[in-house]
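Enquirer: Attaching a single structure in structure tokens format; questions to follow.
Residue numbers (the working numbering): 490 to 796.
Here's what the structure looks like:
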């Protein structure tokens with residue numbers, strides 16, 4: 490028999506209803522005797538069945554007793570071993586593992602979307618506070634969705650991005666795209682864990698480097714920034730890039746965002762083949778006090794699965 494685990498408290502009303510359906514007009518004593526004849530190895534008595542029917546706390550009904558009750562249930566009753574198990578707040582160990590993994594994946598996705606929204610709001614605020622007018626790029630062209638590839642058939646390597654803006658007056662670049670690394674690790678995370686998160690992120694944004702290497706002319710008016718919400722991950726990413734002597738053609742930077750202080754902490758430019766250097770955008774003097782600024786509407790992120 491499969492192993493079962495309790496994941497919630499039993500539904501006492503449902504459990505009582507199902508057991509009574511099987512019991513029918515029989516007395517508890519007769520019901521117990523019928524179960525014994527069908528399942529002689531199961532210890533059962535009238536008081537045991539009464540406690541099962543009137544569960545008010547303590548230990549849930551044993552899986553062996555539920556199986557024995559289901560064994561003598563009339564087919565027309567609608568009561569099965571599975572329905573009894575569910576009413577008893579149980580599920581198979583395998584199902585519990587699968588559902589737990591699914592729930593964990595869902596929570597991770599929720600965290601990622603929340604980080605995307607907050608990071609986008611922070612950068613949006615930083616740009617407009619310096620006097621620039623911007624427009625949010627449509628997510629339909631994001632390489633993270635199937636639509637992103639379908640709508641950019643003029644290039645081999647559409648750039649994945651989490652959010653982006655068309656920025657008026659930001660010469661010579663009018664488009665600024667951002668690829669978020671949502672990893673936010675605890676203080677105990679060791680070097681191997683951090684490296685693993687960085688490696689996973691680099692795999693995710695590899696198309697940015699491919700497009701820069703092979704189709705840089707298509708992105709001459711575009712600036713791209715890798716956005717980090719964890720300083721350890723940010724520094725490890727830059728160390729890996731520098732350790733391999735990676736050079737790029739266009740303007741590509743790494744940006745560290747502080748989600749708690751709601752600000753950009755640092756921006757670092759990746760080294761270019763032509764040696765050109767640009768000062769960090771976020772070092773430009775803020776023209777408007779953030780306390781006097783209107784609150785921005787949240788950036789509209791589609792809940793799309795990453796490829």
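All C-beta atoms, glycine included, are put in the ideal place defined by N, C-alpha and C.
1) To the nearest angstrom, how far is it from the Cα of residue 687 to the Cα of residue 725?
2) Distance check for residue 544 and residue 494, CA to CA, integer angstroms please.
3) So which of 754, 711, 682, 677 has the shortest CA-CA distance to residue 664?
4) For residue 746, tell me which candidate among 691, 615, 662, 521 has the shortest Cα-Cα distance.
5) To the nearest angstrom, report how far apart residue 767 and residue 727 are at their CA atoms.
6) Is it the case that the Cβ atoms of residue 713 and residue 760 are separated by a distance below 9 Å?
7) Just to confirm before moving on: does the CB-CB distance between residue 621 and residue 656 stay below 9 Å?
8) If residue 575 sits next to residue 568, beta carbons under 8 Å apart, how far is it from one beta carbon to the other, in whole angstroms?
9) Whole beta strand (DSSP E) runs in the stretch 605-631 with 3 or more residues, listed along the chain?
10) Can you pull the DSSP bridge partners for residue 493?
11) Given 8 Å as the limit, is there contact between the stretch 602-618 and the stretch 739-757, that is, 3 or more CB pairs closer than that?
12) Reducing DSSP to helix, strand and coil, say where residue 654 ends up.
Expert: According to the structure data:
1) Cα to Cα, the separation comes out at about 7 Å.
2) A direct Cα-to-Cα measurement between residue 494 and residue 544 gives close to 18 Å.
3) With distances taken between Cα atoms, residue 664 lies closest to 711.
4) The option with the nearest alpha carbon to residue 746 is 615.
5) Spanning the two alpha carbons is a distance of roughly 17 Å.
6) One thing to note: residue 713 has its Cβ no nearer than 9 Å to the Cβ of residue 760.
7) Contact: yes.
8) With 8 Å as the limit, residue 575 and residue 568 do not qualify as a contact, their Cβ atoms being about 11 Å apart.
9) Counting only runs of 3 or more, we get 622-625.
10) Looking at the DSSP output, residue 493 bridges to 581.
11) Touching, per the Cβ criterion.
12) Note: residue 654 maps to strand in three-state DSSP.
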